[in-house]
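Data first, discussion second: the structure below is written as structure tokens.
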Amino acid sequence: NIVLTVVLAHAQLLADPPLDPEAKESLDAIEDAARHAGELSSRLLAFGRRAPLELRPLEIGALLAESVRLLSRLVSESTALVLDAPEDELWVDGDRTRVAQVLTNLVVNAAQALRDGRGQIRLSAARVGEEVVLRVHDDGPGMPAAVVERAFEPFFTTRGTGTGLGLASVRGIVLQHGGRVVVETAPGAGTTFAVHLPRREAPEDTPPAPAALLDALEIASASRINTIEGGMICPSVPDAAMTPLASRGS
């Protein structure tokens, strides 16, 4: 990220004074590429670090209810995002931000599976024995067995623009919670990702609900490049370039 910040900072300096349209288009391409590389770098770091969880009582039904409006921003207008709200409270011990990230990644994956973005994504949750099962279903074309076998492999993707880290991150986070992910699919019948988490009893006092979905959405669509890493200011960046970058940082 330090190297990318230097690239981005100098690109922004070149934009002042204003450039002719052709030069500006090239400069915009440099900035876009740097931001995309920063996103990939951040996802790689997050995948490798496996940050410690902050486990607290988490009600899955409430998380789903607050998610729908925010997650609708990640899908096209021709995609219907439907919630089958559970009738009963479904409590787990979970890191709210990480579970929200799992939900976000699964919805993005489901949206990408739809033909031309047209179709339906259905969210649901239920108690099954001593587990809470969160399901994300799409009515796309389904997944062949060969793809299912490799779906959670890091860097495996069937899309030219994908990083192959979304589902791998989902599996890692769920395993950290003591859970598992099951894929239910058939050609022409769509795909369901079922996240199984250990159930817990409702707490005596309902814990406050931080705005974790916004954090998860920011993770999913992150394009910012921090100006500080490892406690060191990025080298070789002119002071004039640091001001606009700092205003965008974390």
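Read left to right, the sequence shown gives residues 23 to 272 (our numbering).
Note that the Cβ used here is the ideal one computed from N, Cα and C, for glycine as well.
In the stretch 142 to 182, which residue ranges form an unbroken alpha helix (DSSP H) of at least 4 residues, counting only runs that do not cross its ends?
-> 167 to 172
Residue from Leu103, Pro209, Glu99 with nearest C-alpha to Leu125 = Leu103
When burial is assigned at 16 or more other CB atoms within 10 Å of the CB, is Val121 buried or exposed?
-> buried
Give a yes or no on contact between the stretch 131 to 143 and the stretch 158 to 166, applying the rule of three or more CB pairs nearer than 8 Å.
-> yes
Sufficient close CB pairs (3 or more, under 8 Å) joining the stretch 71 to 85 to the stretch 99 to 113 = Verdict: yes, contact present.
Rounded to whole angstroms, what's the CA-CA distance from Ser98 to Glu88? Just pull it up for me.
-> Distance between the alpha carbons of Ser98 and Glu88: 19 Å.
DSSP three-state call for Asp54: helix, strand or coil?
-> helix
What do you reckon, are the CB atoms on Ala190 and Glu171 nearer than 8 Å?
-> no
Tell me whether the beta-carbon of Val217 lies closer than 8 Å to the beta-carbon of Gly200.
-> no
Could you check the C-alpha separation between Met165 and Leu93 for me, to the nearest Å?
-> One C-alpha to the other measures close to 23 Å.
Where Ala84 falls: helix, strand or coil (DSSP) | helix
Range of the contiguous alpha helix (DSSP H) that encloses Leu197 | It spans 188 to 198 - the alpha helix (DSSP H) in which Leu197 sits, taken as one unbroken run.
Span of the alpha helix (DSSP H), counted from its first residue to its last, around Leu96 | Note, Leu96: premise wrong, no alpha helix (DSSP H); not H, not E.
Hey, how far is the Cα of Asp38 from the Cα of Asn131?
-> 39 Å
Roughly how many whole angstroms lie between the Cα atoms of Gly14 and Ala45?
-> Outside the shown range of the chain, which is 23 to 272, sits residue 14, and nothing can be said about it.
When DSSP labels each residue in this structure, what does Glu76 get in the three-state scheme?
-> Looking at Glu76 - three-state DSSP - the assignment turns out to be coil, as it is neither helix nor strand.
Between Asp54, Pro220, Pro74, which lies nearest to Glu152 when the distance is taken from Cα to Cα?
-> Pro220
Consult DSSP for Arg222 and reduce its assignment to one of helix, strand or coil.
-> coil
Under a three-way DSSP split, which group does Ala211 fall into?
-> coil
Using 10 angstroms around the beta-carbon of Ala194, count the other beta-carbons present and answer buried if the total reaches 16, otherwise exposed.
-> Note that residue 194 is Gly in the sequence shown, not Ala. Buried: at least 16 other Cβ atoms inside 10 Å.
Buried or exposed for Leu35, please, with buried defined as at least 16 other CB atoms from any protein chain shown within 10 angstroms of its CB.
-> Counting the other Cβ atoms within 10 Å of the Cβ of Leu35 gives fewer than 16, which makes it exposed.
How is Glu111 classed by DSSP in three states: helix, strand or coil?
-> It is coil, neither helix nor strand.
Arg118 lies in the alpha helix (DSSP H); which residues open and close that run?
-> 118 to 135
Cβ-based burial, Val204 [other Cβ within 10 Å; buried from 16] = exposed
Rounded Cβ spacing between Asp115 and Pro74 (contact assumed at less than 8 Å) = Actually they do not touch by this definition, with Cβ atoms about 14 Å apart.
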